[in-house]
Amino acid sequence: MQPLRVVIVHRDQPTRLVDTIDAFRAQDVPVTITIVDNGSVVPPPVEAADVAVVLAGGNLGFGPAANIGYRAFLADQDAGEWVVLAPHDALPAPTCLSRMLSVLAEQPRAGLACADVGDGATPVLDPYFGGILAPARVAEGWEPAGHPHGTLMFARRACLDEVGIFDERYFAYCEEADLALRARSAGWESGLVRGAMVTNPHISSTSAAIDYLQLRNTLLLVREHSGRYHAFIRLCIALWHLASGVVVPARRGPYWDLEGRLRALLDFLHGRFGPPPAHLLVRRPPRRG
1 MQPLRVVIVH RDQPTRLVDT IDAFRAQDVP VTITIVDNGS VVPPPVEAAD VAVVLAGGNL
61 GFGPAANIGY RAFLADQDAG EWVVLAPHDA LPAPTCLSRM LSVLAEQPRA GLACADVGDG
121 ATPVLDPYFG GILAPARVAE GWEPAGHPHG TLMFARRACL DEVGIFDERY FAYCEEADLA
181 LRARSAGWES GLVRGAMVTN PHISSTSAAI DYLQLRNTLL LVREHSGRYH AFIRLCIALW
241 HLASGVVVPA RRGPYWDLEG RLRALLDFLH GRFGPPPAHL LVRRPPRRG
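Sequential numbering from 1 applies to the sequence shown in full-length UniProt numbering.
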């Protein structure tokens, strides 16, 4: 069997990266691994014949770093039909990849697919809210989804050839949804393979950066794929959520950050995309009192 190409995006998590590499090596299908290092302070401590390391030269973001791996895959016509994408802390179960390949063999129009994180939810797309979660509808096998999540994602060569790779304006968050919408417009399907299990237990980014990117990128996604009217309504909802979170702290989400949200709104309105403001990526000491 031809080895399956796996692209892992890494930044400053060498121990977790090694665990992820080991989890992919433990699969019951052969793999070759490309690590795209996103400007780590210390390059990945990996030296092996089945692992290639590409240094991005800085923190490009998840989507742009993944594109480095995608371009290499697309340029290699002998690399097979599917490419797998995962972050540096994804831990697939030993049969995850083989389960996905088995199910995808019965889905000729599947262009994008993701593994099962075990949360009982399915990613769907709303014209006003962008990517949201809905209850799962099947217990095993293929389940249509609005978009794949990035914890472990398959992309078909023919789909990427036709619709392109990630839009690098997103940096991180919502890039999978944008790609799925472009794929859907070209007649490709996206889905989730129930029973192909993967875990992703760690959050590496700061709350401010996550809140900033999720809000700014959702507004961009809605504008690009639903239109300016929907984006205006989504902007009004975001302003309401911002005011509500300031007045009633109990209504804040897990990553709520006042500065992150304000900057997200301003940058969206001014057309500033790509990396978030650098200081939002810096971890702040916990507040007292």
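The beta-carbon is built from N, C-alpha and C at its ideal position, and this holds for glycine as well.
A straight line joining the alpha-carbon of I132 with that of Q214 spans about 11 Å.
A distance of 8 Å or more separates the beta carbons of A136 and I8. Put simply, the region 22 to 32 does not touch the region 53 to 60. Fewer than three CB pairs are less than 8 Å apart. Residues R194 of the same chain have their beta carbon placed closer than 7 Å to that of V138, with the five preceding and five following residues left out of the count. Taking each of S40, D76 and F24 in turn and checking the Cα distance to T95, the smallest one comes out for F24. Looking only at A134, P201 and A113, the smallest Cα-Cα distance to G120 is reached by A134.
In the same chain as R272, and ignoring 5 residues on each side of it, no C-beta atom comes closer than 6 Å to its own. Per DSSP, the unbroken alpha helix (DSSP H) holding C236 starts and ends at R228 to V247. Secondary structure within the UniProt domain "Glycosyltransferase 2-like" (6 to 114): the alpha helix (DSSP H) runs of 4 or more consecutive residues, fully enclosed, are 14 to 25, 62 to 75 and 96 to 104 (chain order). Residue environment: R99 is assigned as buried (16 or more neighbouring CB atoms within 10 Å of its CB, all protein chains considered). Under the DSSP assignment, V193 falls in the beta strand (DSSP E) whose first and last residues are E189 to T199. DSSP places R156 in the strand class (E or B) of the three-state scheme. Around D267, the same chain offers R216 as residues with beta carbons nearer than 6 Å, after the five sequence neighbours per side are excluded. By the C-beta density criterion, W82 is buried, having at least 16 other C-beta atoms within 10 angstroms.
Residue pairing by DSSP places T122 opposite A134 in a beta bridge. Counting along the chain, E140 sits inside no alpha helix (DSSP H), nor does DSSP assign it H or E at all.
As a beta-bridge residue in DSSP terms, D116 pairs with M197.
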